[in-house]
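Asker: Here you go, one structure.
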Amino acid sequence: MSVILYLRLSLEVATAAVILLPSLHLFVEPANAQNASSLQSCQVAQLQCHARSGCQMALHNFFVRCSALIGGDDEHPATCPTDCKHALVSLLSTEDNTGHAFINCDCEKDKMCVVRKKKVQVCQREVLDSMHVLREDAPPVTCNLARWICEADTSCLAALKYYYDHCSRLFKGIRCSARCKNSLRILSRQHHANKLRNCLCDGSEDYDCRAVKANTEEMCFHRKTSLKKHPDESHESSHSNAAKKARSRRRSRRRKRRNQALKNRRKANRKRRRQRREERRRKQRMRKKGTLWK
Numbered sequence: 001m002s003v004i005l006y007l008r009l010s011l012e013v014a015t016a017a018v019i020l021l022p023s024l025h026l027f028v029e030p031a032n033a034q035n036a037s038s039l040q041s042c043q044v045a046q047l048q049c050h051a052r053s054g055c056q057m058a059l060h061n062f063f064v065r066c067s068a069l070i071g072g073d074d075e076h077p078a079t080c081p082t083d084c085k086h087a088l089v090s091l092l093s094t095e096d097n098t099g100h101a102f103i104n105c106d107c108e109k110d111k112m113c114v115v116r117k118k119k120v121q122v123c124q125r126e127v128l129d130s131m132h133v134l135r136e137d138a139p140p141v142t143c144n145l146a147r148w149i150c151e152a153d154t155s156c157l158a159a160l161k162y163y164y165d166h167c168s169r170l171f172k173g174i175r176c177s178a179r180c181k182n183s184l185r186i187l188s189r190q191h192h193a194n195k196l197r198n199c200l201c202d203g204s205e206d207y208d209c210r211a212v213k214a215n216t217e218e219m220c221f222h223r224k225t226s227l228k229k230h231p232d233e234s235h236e237s238s239h240s241n242a243a244k245k246a247r248s249r250r251r252s253r254r255r256k257r258r259n260q261a262l263k264n265r266r267k268a269n270r271k272r273r274r275q276r277r278e279e280r281r282r283k284q285r286m287r288k289k290g291t292l293w294k
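Here the UniProt record's numbering is used: the first residue of the sequence shown is 1, the next is one more, and so on.
Below you can see the structure in the form of structure tokens.
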């Protein structure tokens with residue numbers, strides 16, 4: 001599992017966006033009548049964003065990750081949370097400029113909207129300063145940021161969901177199936193997924209990021225190379241060994257359960273055979289005594 005981006009992640013558009021950065025005006029104040037008259041209503045912009053699954057996901061991330069900034073008591077916040085900056089990157093990288101239209105929309109005297117814009121304004125400088133990390137030749141970004149950028153694009157989001165659906169056994173360190181490999185190939189063809197392959201685990205992910213990366217390299221690509229470490233990462237690359245030990249323990253438990261089930265089944269079969277033999281012998285004794293009708 002940095003900030004404002006108004007571009008697709010392809011090399012051509014990324015380069016063009018960096019050139020156009022100085023002329024990009026973000027978080028336009030609705031108080032300016034000339035600007036407000038040419039801007040789209042925030043309600044309309046939000047509805048158009050919800051119409052696309054990628055923009056809808058990016059908008060959700062924005063409201064969740066920036067909730068502390070927007071809902072805080074400080075009317076003039078001094079810092080922009082990292083997650084909020086990353087969410088803005090995701091929102092501003094959506095297709096057809098839907099996310100950009102929402103950021104620059106006209107609040108139309110909606111007080112909550114105006115307050116939100118003023119508070120998010122603190123993120124603008126840091127966003128612009130971190131644009132270079134999204135170039136193709138730039139250093140890797142965190143895995144959370146790479147994932148949010150992918151989720152902001154509808155086709156990349158669909159590929160990511162396909163990957164989640166078919167790689168559950170890979171996440172557990174069991175194996176990389178043919179369907180999982182196919183989902184990885186589909187995901188790698190998405191422009192907005194370019195940063196996912198070499199992203200950095202910084203410990204803020206809601207899953208074992210390093211273990212998933214190690215399992216993917218070893219099981220899907222058959223590579224034993226060590227993963228690059230983020231400066232903030234505190235533990236060494238022992239996740240691969242830990243994953244192997246966990247797999248070995250799971251296999252051992254499954255083997256014991258199978259053996260116990262087989263033993264119980266054999267015991268039950270022997271008991272049934274013994275009961276049938278005893279029943280036959282009882283009937284034979286009764287026939288000899290003439291007490292059993294033929």
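All C-beta atoms in this analysis are idealised placements derived from N, C-alpha and C, irrespective of residue type, glycine included.
#1: Between the region 141 to 148 and the region 187 to 206, can you find at least three pairs of beta-carbon atoms closer than 8 Å?
#2: Starting from Cys105, trace the alpha helix (DSSP H) both ways and give me its first and last residue.
#3: When you compare only the Cα positions, how much space is there between Arg125 and Lys85?
#4: What residue from Gln275, Asp83, Ala146 has the CA that sits closest to His191's CA?
#5: Taking Gln190 as part of the alpha helix (DSSP H), name the residues at either end of that continuous run.
#6: Classify Met286: buried if its beta carbon has 16 or more other beta carbons within 10 angstroms, exposed otherwise.
#7: What would DSSP say about Arg282, mapped onto helix, strand or coil?
#8: Determine the DSSP secondary structure at Pro22, reduced to helix, strand or coil.
#9: Would you grab the beta carbon distance between Ala58 and Gly99 for me? Rounded to a whole angstrom, and I think it's under 8 Å.
#10: Leu170 and Cys220 look like a contact to me (Cβ under 8 Å); what is the Cβ gap, rounded to whole Å?
#11: Thinking Ala78 and Val122 are a contact (beta carbons under 8 Å), I'd like their distance in whole angstroms, please.
#12: So, does the region 176 to 183 touch the region 110 to 120, judging by three or more C-beta pairs under 8 Å?
#13: What do you get for residue 363, buried or exposed, if any count of 16 or more other CB atoms within 10 angstroms of its CB means buried?
#14: Indicate whether Glu136 and Asn97 have their beta-carbon atoms separated by less than 8 Å.
#15: How many angstroms separate the CA atom of Cys156 from the CA atom of Gln56?
#16: What three-state label does DSSP hand Thr216 in the structure shown?
#17: Which residue marks the beginning of the alpha helix (DSSP H) containing Gln56, and which one marks its end?
#18: Output needed for Tyr162: all residues of its chain with C-beta closer than 8 Å, excluding positions within five of it in sequence on either side, in chain order.
#19: I'd like the span of the alpha helix (DSSP H) that includes Cys143, first residue to last.
#20: Could you pull out every residue in the same chain whose Cβ sits closer than 6 Å to the Cβ of Glu223, ignoring the five residues on either side in sequence?
#21: Could you spell out the range, first to last residue, of the alpha helix (DSSP H) harbouring Val122?
#22: What's the gap between the Cα of Cys49 and the Cα of Pro81?
#23: How many Å lie between Glu279 and Arg258 at the Cα?
#24: Count the other C-beta atoms from every protein chain shown that fall within 10 angstroms of the C-beta of Arg210, then say buried if there are 16 or more, exposed otherwise.
#25: Return the first residue and the last residue of the alpha helix (DSSP H) that Asp83 is part of.
#26: Can you say whether Ser93 is buried or exposed, counting buried as having 16 or more other CB atoms within 10 angstroms of its CB?
#27: Would you tell me roughly how many angstroms separate the C-alpha atoms of Lys283 and Arg273, rounded to the nearest one?
#28: My assumption, with CB atoms under 8 Å, is that Asn104 sits in contact with Leu47. Please give the rounded CB distance.
#29: Could you give the C-beta distance for Cys42 and Glu95, rounded to a whole number, given that I count them as a contact under 8 Å?
Answerer: On the basis of the coordinates in this document:
#1: Segments in contact, yes.
#2: Along the sequence shown, one-based indexing puts residue 105 at 105. Cys105 -> no alpha helix (DSSP H), and no H or E assigned at all.
#3: Along the sequence shown, one-based indexing puts residue 125 at 125. Along the sequence shown, one-based indexing puts residue 85 at 85. Put simply, the backbone Cα of Arg125 is about 10 Å away from that of Lys85.
#4: Residue numbering aside, residue 191 sits at position 191 when the sequence shown is read from its first letter. Measuring from the Cα of His191, the nearest candidate turns out to be Ala146.
#5: Position 190 of the sequence shown, counted from the start, is the residue given in the question as residue 190. Segment: none, Gln190 is in no alpha helix (DSSP H) and carries neither H nor E.
#6: For this step, residue 286 is matched to residue 286 along the sequence shown. It is exposed - the Cβ of Met286 has fewer than 16 other Cβ atoms within 10 Å.
#7: For the purposes of this step, residue 282 is taken as the residue at position 282 of the sequence shown. Under the three-state reduction of DSSP output, Arg282 falls in the helix class.
#8: Residue mapping note: residue 22 aligns to position 22 of the sequence shown, counting from 1. At Pro22 the pLDDT is 29, less than 50, meaning the model places this residue with poor confidence; the figure from the coordinates comes in the next sentence. Pro22: helix per DSSP, three-state reduction.
#9: In the sequence shown, the residue the question calls residue 58 occupies position 58. In the sequence shown, the residue the question calls residue 99 occupies position 99. Ala58 to Gly99, Cβ: 6 Å. Contact.
#10: On the sequence shown, residue 170 is found 170 positions in, with the first residue counted as 1. On the sequence shown, residue 220 is found 220 positions in, with the first residue counted as 1. At roughly 7 Å, the Cβ-Cβ gap stays under 8 Å, so Leu170 and Cys220 are in contact.
#11: By one-based count along the sequence shown, residue 78 stands at place 78. By one-based count along the sequence shown, residue 122 stands at place 122. Their Cβ separation, rounded to whole angstroms, is 7 Å, which keeps Ala78 and Val122 in contact under 8 Å.
#12: By the C-beta criterion, the region 176 to 183 is judged not to be in contact with the region 110 to 120, since fewer than 3 inter-stretch pairs fall below 8 Å.
#13: The question about residue 363 has no answer, for the chain in this structure spans 1 to 294.
#14: Position 136 of the sequence shown holds residue 136. Position 97 of the sequence shown holds residue 97. Not in contact: Glu136 and Asn97 (Cβ atoms no closer than 8 Å).
#15: On the sequence shown, position 156 is the one that residue 156 refers to. On the sequence shown, position 56 is the one that residue 56 refers to. The straight-line gap from Cα to Cα measures roughly 13 Å.
#16: Here residue 216 refers to the residue found at position 216 when the sequence shown is read from its first residue. In the structure shown, Thr216 sits in a helix (DSSP, three-state: H, G or I).
#17: By 1-based counting over the sequence shown, the position of residue 56 is 56. Counted as a single uninterrupted DSSP element, the alpha helix (DSSP H) harbouring Gln56 occupies residues 53 to 65.
#18: Working through the sequence shown from its first residue, we reach residue 162 at position 162. These residues qualify, in order along the chain: Ser183, Ile186, Leu187.
#19: Your numbering for residue 143 matches position 143 in the sequence shown. Per DSSP, Cys143 belongs to the alpha helix (DSSP H) from 143 to 151.
#20: The sequence position of residue 223 within the sequence shown is 223, counting from 1. For the sequence presented, residue 223 should be read as Arg rather than Glu. Closer than 6 Å at the Cβ level, and outside the excluded window around Arg223, lie Glu217.
#21: Here residue 122 corresponds to residue number 122 of the sequence shown, with the count starting at 1. Premise fails: Val122 is in no alpha helix (DSSP H) and is neither H nor E.
#22: Along the sequence shown, one-based indexing puts residue 49 at 49. Along the sequence shown, one-based indexing puts residue 81 at 81. Between Cys49 and Pro81, the C-alpha separation is close to 23 Å.
#23: Translated into positions along the sequence shown, residue 279 becomes position 279. Translated into positions along the sequence shown, residue 258 becomes position 258. If you draw a straight line from the Cα of Glu279 to the Cα of Arg258, it comes to about 32 Å.
#24: Taking the sequence shown and counting its residues from 1, one reaches residue 210 at position 210. Arg210 counts as buried, since at least 16 other C-beta atoms from the protein chains shown sit within 10 angstroms of its C-beta.
#25: Taking the first residue of the sequence shown as 1, we reach residue 83 at position 83. Counting along the chain, the alpha helix (DSSP H) containing Asp83 begins and ends at 82 to 92.
#26: Here residue 93 is taken as the residue at index 93 of the sequence shown, counted from 1. Classification for Ser93: buried.
#27: For the purposes of this step, residue 283 is taken as the residue at position 283 of the sequence shown. For the purposes of this step, residue 273 is taken as the residue at position 273 of the sequence shown. Their Cα atoms are separated by approximately 16 Å.
#28: Within the sequence shown, residue 104 is the residue found at index 104, counting from 1. Within the sequence shown, residue 47 is the residue found at index 47, counting from 1. Beta-carbon to beta-carbon, Asn104 and Leu47 are separated by about 16 Å, too far to satisfy the 8 Å threshold.
#29: Residue numbering aside, residue 42 sits at position 42 when the sequence shown is read from its first letter. Residue numbering aside, residue 95 sits at position 95 when the sequence shown is read from its first letter. Cys42 to Glu95, Cβ: 19 Å. No contact.
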